[in-house]
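A quick write-up on the structure given underneath.
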Amino acid sequence: MNEKPQREFEQQILNDSLLFFGKITASVSHELNNVLSIIDQTGGLLDDLLYNAQQGGEIPHERLRTISDKLSAQIERGVRIIKRMNTFAHTVDDPIKKVDIPNLVDTFCKLMQRLTGLKKVDLQVEHQTSMLQVDTSPFFLQMLIFNIIQVSLQNTETGGTLCISTSGTEEKALIEIDRIAGKYDLDPDFVIKLSDKIGGKLELIKKGEKELFIIELSGFN
Amino acid sequence: MAQERVLLVDDETEFTELLAERMRNREMDVDTADSGEKAIEMVKNKYYDAIILDLSMPGMDGIETLNAILGDNPDQQVIFLTGYASVPKTVEALKKGAVEFLEKPADINQLIDLVREAQIKKAELFEKRAEDSIEKLKRGKSW
C-alpha cells in the first residue's frame with residue numbers, strides 16, 4: 551500500500567476506534583448513572599422514613615426489608631456493569647492474543663444491550679460450542695461487531711430481533727450476525743482493512759430468508 | 636394552591652417508583668409512565684401541573700415525547716431529568732419548550748420547587764388564555 555493511503559487508513563482506524571470507545575463508555579456511564587440515581591433516591595427514602603419515625607410515626611419494618619433488598623439488587627447491577635466495562639477496557643492491553651470467542655461475544659453483547667434497547671431491538675446470542683479460542687485482536691473484533699450491529703440499528707425504525715451466533719472448529723471460529731438491510735451499509739474498504747487487523751475475513755451471505763454477516767477468524771499464521 | 640399533579644416519565648421504573656413515593660410523602664399527586672408513548676396517552680386523560688421527563692428512552696425519546704405533548708398542550712410545563720445534559724441537547728430541549736433541564740441524580744427539594752413553580756406558571760398561562768378568549772369574544776360582539 552502507498553504511504554499516503556496507509557497513513558489515511560491508520561488515521562481513519564484511530565478516529566473510528568475513539569468513536570467506538572466513546573460510544574460504549576458513554577452508554578455504560580449512562581447505565582451506571584441510573585443505578586446511582588436509584589441508590590440516591592433509596593437513600594433519600596430511608597431519610598424520609600427516619601424523619602417520619604422521629605416525628606412519632608411507625609417504623610415500617612416490611613418496607614425497610616424491601617428497600618434493603620432493592621438496594622442490594624442495584625449494587626449487584628452496578629458491580630456487573632463495572633466488571634463488563636473493565637473487561638472491555640482491558641481488551642486494548644494486548645494487540646493480539648488468544649481470545650475465548652463465545653465469552654467475548656457474550657460480554658460485548660451485554661454492553662450493547664442498552665444501545666440496542668433504545669431501538670427496542672432484542673439482541674439474542676447463541677453458541678454452538680462453549681470452547682472456541684483463536685488468536686485475534688479483541689478490541690478490533692469488538693469494533694467490527696459493533697459496526698455491523700450499528701448499521702442494522704440505523705436501518706431499524708424500532709423493534710425486531712438481532713441474532714448473533716458463534717461456532718467453529720480448532721482451525722477457525724465463525725461469528726454470524728443478522729443483517730437488517732436498508733439505507734445504511736458498511737464501508738467495504740474499511741471492513742476489509744479492519745478484517746486484516748483481526749486475522750480474519752467478513753462475508754455477507756443469504757441463509758433462507760435472512761442475510762448474515764459472517765466473521766471468519768483463522769488466526770495469524 | 637391545590638395539590639400538585641405530576642407525571643414522572645422514565646423507562647427506569649425503579650427510579651420513578653422511588654421518586655414517586657417520596658413526592659407522594661410530600662402530599663403530591665404523582666403518576667408514572669415508563670415510555671413516551673404511555674406519557675402521551677396519560678396527558679390526554681389527566682391534567683398535570685408538571686411532567687418530569689427522561690431524555691433517553693427506548694422507542695420515543697424525550698425530545699419526541701416533548702414535541703408530541705406540547706403539540707396538543709402548548710402550556711404544559713415539562714422538566715427534563717436526564718443522565719447526561721450535553722449543551723446541544725439542553726439548548727434543543729429548552730428551545731422546544733422545556734422549562735428546565737436537570738442532570739441525575741437530582742435533589743428532590745429542587746424538583747419540588749420546580750414543580751411548584753410549574754403549577755403557578757401553568758395556571759397563569761391558562762388564565763391568560765381564558766382572558767384572551769374573553770377579549771376576542773367581546774370584540775366579536777362589539778361590547
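Chains as they are written, first to last, in this note's numbering: chain A, 551 to 771; chain B, 636 to 778.
Every residue, glycine too, gets a C-beta built ideally from N, C-alpha and C.
Bear in mind that the values here come from a model prediction, so they are computed numbers and not experimental data.
Alpha-carbon to alpha-carbon, residue j and residue i
| i | j | result |
| --- | --- | --- |
| B/SER721 | B/ARG657 | 28 Å |
| A/LEU665 | B/GLN638 | 38 Å |
| A/ASP739 | A/GLY749 | 16 Å |
| A/ASN565 | A/THR616 | 47 Å |
| A/SER579 | A/LEU586 | 10 Å |
| A/GLY628 | A/LEU596 | 20 Å |
| A/LYS756 | A/GLY709 | 22 Å |
| B/THR667 | A/CYS659 | 30 Å |
| A/ASP644 | A/PRO688 | 8 Å |
| B/SER691 | B/PRO723 | 14 Å |
| A/GLU753 | A/ILE725 | 11 Å |
| A/GLU761 | A/LYS722 | 21 Å |
| A/ASN602 | A/LEU582 | 30 Å |
| A/GLY758 | A/LYS620 | 45 Å |
| A/ASN584 | B/PHE650 | 8 Å |
| B/ILE675 | A/THR575 | 31 Å |
| A/PHE770 | A/GLN700 | 27 Å |
| A/SER702 | B/GLU766 | 53 Å |
| B/VAL665 | B/ILE755 | 17 Å |
| B/ALA685 | B/LEU642 | 7 Å |
| B/GLU759 | B/LEU749 | 15 Å |
| A/GLN556 | B/ALA753 | 58 Å |
| B/ALA741 | A/GLN604 | 25 Å |
| B/SER768 | B/LYS776 | 12 Å |
| A/GLY572 | A/LEU599 | 40 Å |
Proximal residues to residue i (C-beta, below 8 Å), its chain only, five neighbours per side dropped
| i | result |
| --- | --- |
| B/PRO693 | ASP646 and SER670 |
| A/ASN705 | ILE730, ALA731, GLY732, LYS733 and TYR734 |
| A/ASP672 | THR666, GLY710, THR711 and LEU712 |
| A/VAL655 | VAL675, HIS677, ILE695, ILE714, THR716 and ILE725 |
| B/GLN745 | LEU737 |
| A/ILE631 | VAL578, GLU581, LEU582 and VAL585 |
| A/THR637 | THR657 |
Three-state secondary structure (DSSP) of residue i
| i | result |
| --- | --- |
| A/GLU763 | In the sequence as presented, Glu is not what sits at residue 763 of chain A; that position holds Phe. Reduced to three states, the DSSP call for A/PHE763 is strand. |
| B/ARG640 | strand |
| B/LEU746 | helix |
| A/LEU682 | coil |
| B/ALA685 | strand |
| A/LEU600 | helix |
| A/LEU752 | strand |
| A/ASP772 | There is simply no residue 772 of chain A to check, as chain A begins at 551 and stops at 771 in what is shown. |
| B/ASP669 | coil |
| A/ASP619 | helix |
| A/MET551 | Because the pLDDT at A/MET551 is just 47, under 50, the model does not fix this residue reliably, and the value given afterwards should be weighed accordingly. Note: A/MET551 maps to coil in three-state DSSP. |
| A/ASP566 | helix |
| B/ASP664 | strand |
| A/ASP590 | helix |
| B/ASP767 | helix |
| A/ASP746 | helix |
When the options are compared against residue i, the one with the closest alpha-carbon
| i | options | result |
| --- | --- | --- |
| B/PHE736 | B/THR648, B/ASP748 and B/ILE714 | B/ILE714 |
| A/ASP653 | A/THR679, A/LEU736 and A/ASN602 | Here residue 653 of chain A is Asn; the residue named in the question, Asp, does not match the sequence. Closest by alpha carbon: A/THR679. |
| A/PHE690 | A/LYS743, A/ASP737, A/VAL629 and A/HIS580 | A/LYS743 |
| A/LEU712 | A/THR575, A/LYS647, A/GLY667 and A/GLU560 | A/GLY667 |
| B/LEU716 | B/GLU672, B/PHE761 and B/ILE747 | B/ILE747 |
| B/ARG640 | B/GLY775, B/GLU762, B/ASN702 and B/ARG751 | B/ARG751 |
| A/LEU694 | A/GLN674, A/ASP685 and A/ASP737 | A/ASP737 |
| B/GLY764 | B/ARG659, B/LEU749 and B/PRO709 | Gly is not the amino acid found at residue 764 of chain B; the sequence shown has Arg there. Considering only alpha carbons, the answer is B/PRO709. |
| B/ILE782 | B/THR725, B/GLU672 and B/PRO740 | Examination of residue 782 of chain B is not possible in this model, given that chain B is present from 636 through 778 alone. |
| A/THR592 | B/GLY697, B/ALA758, B/ASP664 and B/LEU653 | B/LEU653 |
| A/ILE646 | A/ASP685, A/GLU560 and A/PHE571 | A/ASP685 |
| B/ASN680 | B/ASP707, B/ILE698 and B/GLY732 | B/ASP707 |
Sequence-distant residues of the same chain with beta carbon closer than 6 Å to residue i, five excluded per side
| i | result |
| --- | --- |
| A/ILE727 | ILE698, ILE714 and PHE763 |
| A/SER577 | ARG664 and LEU665 |
Residues near residue i in its chain [Cβ-Cβ closer than 7 Å; skip 5 each side]
| i | result |
| --- | --- |
| A/LYS751 | SER745 and GLU766 |
| A/ILE588 | GLN624 |
| A/MET551 | Below a pLDDT of 50, predicted positions are generally treated as unreliable, and A/MET551, at 47, falls in that range; the measurement from the model is reported next regardless. Nothing meets the Cβ criterion. |
| B/LYS739 | LEU716, THR717 and GLY718 |
### Message
To test your reading of the DSSP string, which unbroken beta strand (DSSP E) runs of 3 or more residues are found completely within the region 663-734 of chain A?
### Response
672-677, 683-686, 711-718 and 723-729
### Query
Mind pulling the alpha helix (DSSP H) runs of 4 or more residues that sit fully within the region 707-740 of chain B?
722-731
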